[in-house]
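Read top to bottom, the protein sequences are chains E and W.
Just so you know, our numbering puts the end of the first sequence at 234, numbered straight through with nothing missing.
Just so you know, our numbering puts the end of the second sequence at 638, numbered straight through with nothing missing.
Note that the Cβ used here is the ideal one computed from N, Cα and C, for glycine as well.
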Amino acid sequence: MPQQTDNTVSAFDNCGLDPSVLPPLMRRRTSLATRMAITAADRACNDAGTGRDLPAIFVSTLGEMQVTHRLCEAIARQVYPLSPTLFHNSVHNTAASYWSIAVNTMEPMQAMAGLDDGFALGLTEAACQLATDTTQLLLVCYDEHMPAELLPDATWPPCSVALVLGSAHSDRPQLSIPWQEAAAEPATAPACAIHNPALQALPLLELLRSGATGTHCIQLAPGSLPWFANLVLP
Amino acid sequence: MPPTHLPPMPITASASANACGVGNQRLLDVIRSGQSQLRPVRLFEVDFPAFTGEINDHLLPALDDSLARFSTRNTRIALAALNDPTDGLRAAVEHARQRYGVHRIGIVLGTSTSGIYETENAYIAHAETGLMPPQYDFVHQHLCVATAYFLRAELQLQGPCYAVSTACSSSSNAIISAQRLIHAGICDAVLTGGVDSLCRMTLQGFKSLDLVSDRPCTPLDRNRSGISLGEGAGLLLLERQQPEYTGCVHLLGAGESSDAHHITAPHPEGRGAALAMDRALRQTGLVAADIDYVNLHATGTLKNDAAEMTGLQAVLGTDTPCSGTKGLIGHTLGAAGGIEAIIACLSLKHRLLPGTCGLRETDPAFDAQVLKETRTDLTVRYTMSNNFGFGGNNTALLFGWSHD
Chain E
1 MPQQTDNTVS
11 AFDNCGLDPS
21 VLPPLMRRRT
31 SLATRMAITA
41 ADRACNDAGT
51 GRDLPAIFVS
61 TLGEMQVTHR
71 LCEAIARQVY
81 PLSPTLFHNS
91 VHNTAASYWS
101 IAVNTMEPMQ
111 AMAGLDDGFA
121 LGLTEAACQL
131 ATDTTQLLLV
141 CYDEHMPAEL
151 LPDATWPPCS
161 VALVLGSAHS
171 DRPQLSIPWQ
181 EAAAEPATAP
191 ACAIHNPALQ
201 ALPLLELLRS
211 GATGTHCIQL
221 APGSLPWFAN
231 LVLP
Chain W
235 MPPTHLPPMP
245 ITASASANAC
255 GVGNQRLLDV
265 IRSGQSQLRP
275 VRLFEVDFPA
285 FTGEINDHLL
295 PALDDSLARF
305 STRNTRIALA
315 ALNDPTDGLR
325 AAVEHARQRY
335 GVHRIGIVLG
345 TSTSGIYETE
355 NAYIAHAETG
365 LMPPQYDFVH
375 QHLCVATAYF
385 LRAELQLQGP
395 CYAVSTACSS
405 SSNAIISAQR
415 LIHAGICDAV
425 LTGGVDSLCR
435 MTLQGFKSLD
445 LVSDRPCTPL
455 DRNRSGISLG
465 EGAGLLLLER
475 QQPEYTGCVH
485 LLGAGESSDA
495 HHITAPHPEG
505 RGAALAMDRA
515 LRQTGLVAAD
525 IDYVNLHATG
535 TLKNDAAEMT
545 GLQAVLGTDT
555 PCSGTKGLIG
565 HTLGAAGGIE
575 AIIACLSLKH
585 RLLPGTCGLR
595 ETDPAFDAQV
605 LKETRTDLTV
615 RYTMSNNFGF
625 GGNNTALLFG
635 WSHD
């Protein structure tokens, strides 16, 4: 059966999608979600100057939704057997597993899911791991677009973000453990109340890039009980 | 970095639902009897022989009308376990909620399926009518986090709430994440473990990988021929230590690793498995000779069982009693870590070592104390539970009595 061109991937050519850390055979079978996660992870490790032998946390709300969609279509038409490649690429930890195989690390890979609060939850999990098991880790937050039939009103731009985080270091930016606090005013929920959690990283990234100093309180997730963290910039 | 020694944490309540029925007592009865609950699948049609650990539909309660948007087989299985009066999990959560406050109780739930069964049904309806069924709600039914959100609404909690989804090790990864939340001081109690439900995708998927046995699975057997799927919930309430909990079974420690080998096949020498088991021991300061029983992952595939036993031998030697329990209720995938953690705890509480249901002749390549029959009236101090997932995700959990 001829390989179907994935038009959505080519639309991202200009965004520097670069999952070249994956060997070609592995790379060809991966979804946009996995490719975005791995691109971000690779870039973060390059940026941090660390190796890739790190524990990692992968957070996604939809996971491998495009692959799952194709499997559900096959199930609905009773086209069996299912594609074994699609099936093993449908698990929520696909990106995490491909990453660990590509960079040859035996460190633990966590794969989590929330809703809009995925980035905040990932940072919380990172804080917990840094308090117990490790001095450095990789956090990746990512989501691809979802099939239109499932949530027609969703605005859901694909996005991925990755950070290399370590134990406290006085001359680096430091993030507190995130916390939740009731919003001063009740949040008005939009018709489709979910957004790509990776986009919630933008305030943090903008502050890091801004050259600002001092302590800043940033919001990490929306909702009636939003997440916050303090960022201390030296 | 050497593993941080985490304080033992009491499991103040647990509850299960699976092919044995609802409640830990049913599970215990079946462990004692050694009777397989695997039957030909009934939930949907398949054109190949498939034995599964399916829960009788009449045991699954309906959700309250106010929470109907969450209604899936997955959440009904979770609710069945939560409601069992003998297990008392709901009451324990309520007690923790009153003691610590709603924001201090977390929910960290493992799942690999979530509401996929309902999504399959929605796609089937869509193919016939061009419309999604009116009761189908993608966010509250399909999403990985949906069952955790249902429990949050049902129990009226407001602490950190998320799902962990690492295939067959999901709920043991969830338990480890819960342990860290408490240790970091973010939560005082966490409802954890996991829930998974039968669906066409997993059965057809594993079949496409040629991993499904055509008869009830026979873990560790020289003639083993693959897995039998199951469904269920294994929920645990993990709390910070308090004086009144010193008599509870405790989570003592855990180890995690990756295989870095292949997306479906485990490392053939079980190196990742060995690393997870070794890390669990080092985190607790226990040694191989301390472990009285290992509940193996033991799925019944040629590769998993061989890799696991190689890893086990490297870390624990050849004398540690061990068994696989998936012959009783099937491989419950994302719930396996939670259900098998409960089995490791039942072993301690009821002074028994479960046998390996379905095993006739142990693979002669395994140099180990593999238990065929359940043994009772023993002193059991420390148990280990192994769970390994697709993509090479390995976990080992250690349970015991508090040694404070």
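Asked, Found
"Less than 6 Å between C-beta atoms, sequence neighbours within five positions excluded: which residues of the same chain meet that for S248 (chain W)?", "L470 and I576"
"Which residue's Cα is closest to the Cα of G519 (chain W): W:L546, W:V264, W:A540 and W:L486?", "W:L486"
"Cβ closer than 7 Å: which chain E residues qualify as neighbours of E354 (chain W)?", "C72 and I75"
"Near T238 (chain W), what residues of its chain come up, given a Cβ to Cβ distance below 7 Å and the 5 sequence neighbours on each side ignored?", "none"
"Near V280 (chain W), which residues of its chain fall below 7 Å by C-beta distance, leaving aside the five closest residues on each side in sequence?", "L437"
"Grab me the residues of R266 (chain W)'s own chain with a C-beta within less than 8 Å of its C-beta, minus the 5 sequence neighbours each way, in chain order.", "L586, T608 and T610"
"Please confirm whether C141 (chain E) has its beta-carbon closer than 8 Å to some beta-carbon of chain W.", "no"
"Compare the C-alpha of G551 (chain W) against each of W:D597, W:D524, W:N355 and W:L443 and name the closest.", "W:D524"
"Using a Cβ-Cβ cut-off of less than 7 Å, list which residues of the stretch 33-66 of chain E approach chain W; keep chain order.", "T61 and G63"
"Would you check if the distance between the CB atom of M106 (chain E) and the CB atom of A494 (chain W) is smaller than 8 Å?", "yes"
"So, C402 (chain W) versus F622 (chain W), is the Cβ gap smaller than 8 Å?", "yes"
"Can you find a C-beta in chain E that's less than 8 Å from the C-beta of V424 (chain W)?", "no"
"Please list the segments of the alpha helix (DSSP H) lying wholly inside the stretch 297-367 of chain W, counting only runs of 4 or more residues, in order along the chain.", "307-317, 323-334 and 350-363"
"Can you list, in chain order, the residues of its chain with a C-beta nearer than 7 Å to that of Q547 (chain W)? Leave out the 5 residues immediately preceding and following it.", "D601 and A602"
"Identify the continuous beta strand (DSSP E) that holds H484 (chain W) and give its terminal residues.", "V483 to S492"
"Exposed or buried, what is H169 (chain E) when buried is set at 16 or more other beta-carbons lying within 10 Å of its beta-carbon?", "exposed"
"So the candidates are W:L530, W:L562 and W:T345; which of them puts its Cα closest to the Cα of A578 (chain W)?", "W:L530"
"Taking a Cβ distance cut-off of 8 Å, strictly less, list which residues of the stretch 497-512 of chain W are near chain E, in chain order.", "I497, T498, R505, G506 and L509"
"Report the rounded CA-to-CA distance for W99 (chain E) versus S346 (chain W), giving the unit in angstroms.", "19 Å"
"What distance in whole Å lies between the Cβ atoms of W635 (chain W) and H484 (chain W), which are believed to be in contact at a cut-off of 8 Å?", "7 Å"
"Helix, strand or coil: which one does DSSP assign to C395 (chain W)?", "strand"
"Output, in chain order, the set of chain E residues within a Cβ distance shorter than 7 Å of G439 (chain W).", "L82 and F87"
"Could you compute how far the alpha carbon of R70 (chain E) sits from the alpha carbon of R28 (chain E)?", "16 Å"
"Could you please give the first and the last residue of the uninterrupted alpha helix (DSSP H) stretch that includes V67 (chain E)?", "M65 to A76"
"Does DSSP put Y479 (chain W) in a helix, a strand or coil?", "helix"
"Establish whether the CB of R266 (chain W) and some CB of chain E are separated by less than 8 Å.", "no"
"Looking at chain E, is there any beta carbon in it that lies within less than 8 Å of the beta carbon of Q476 (chain W)?", "no"
"Would H337 (chain W) pass as an interface residue toward chain E - the criterion being a Cβ-Cβ separation below 8 Å?", "yes"
"Mark H565 (chain W) as exposed unless 16 or more other C-beta atoms lie within 10 angstroms of its C-beta, in which case mark it buried.", "buried"
"Roughly how many whole angstroms lie between the Cα atoms of L432 (chain W) and G211 (chain E)?", "52 Å"
"Straight-line CA distance for A522 (chain W) to Q375 (chain W)?", "43 Å"
"Between G114 (chain E) and chain W, is any beta-carbon pair separated by less than 8 Å?", "yes"
"Would you call Q271 (chain W) buried or exposed, if buried means 16 or more other Cβ atoms sit within 10 Å of its Cβ?", "buried"
"Might you give, ordered along the chain, the residues of its own chain that have their beta carbon closer than 7 Å to the beta carbon of I461 (chain W), omitting 5 neighbours on each side?", "F440, L445, V446, S447, C451, T533, G534, T535 and H565"
"Could you list the residues in the stretch 121-137 of chain E with a C-beta less than 8 Å from some C-beta on chain W, going in chain order?", "L121, T124, E125, A127, C128, Q129, A131, T132, D133, T134 and T135"
"Checking contacts by CB at 8 Å: is A229 (chain E) closer than that to chain W?", "no"
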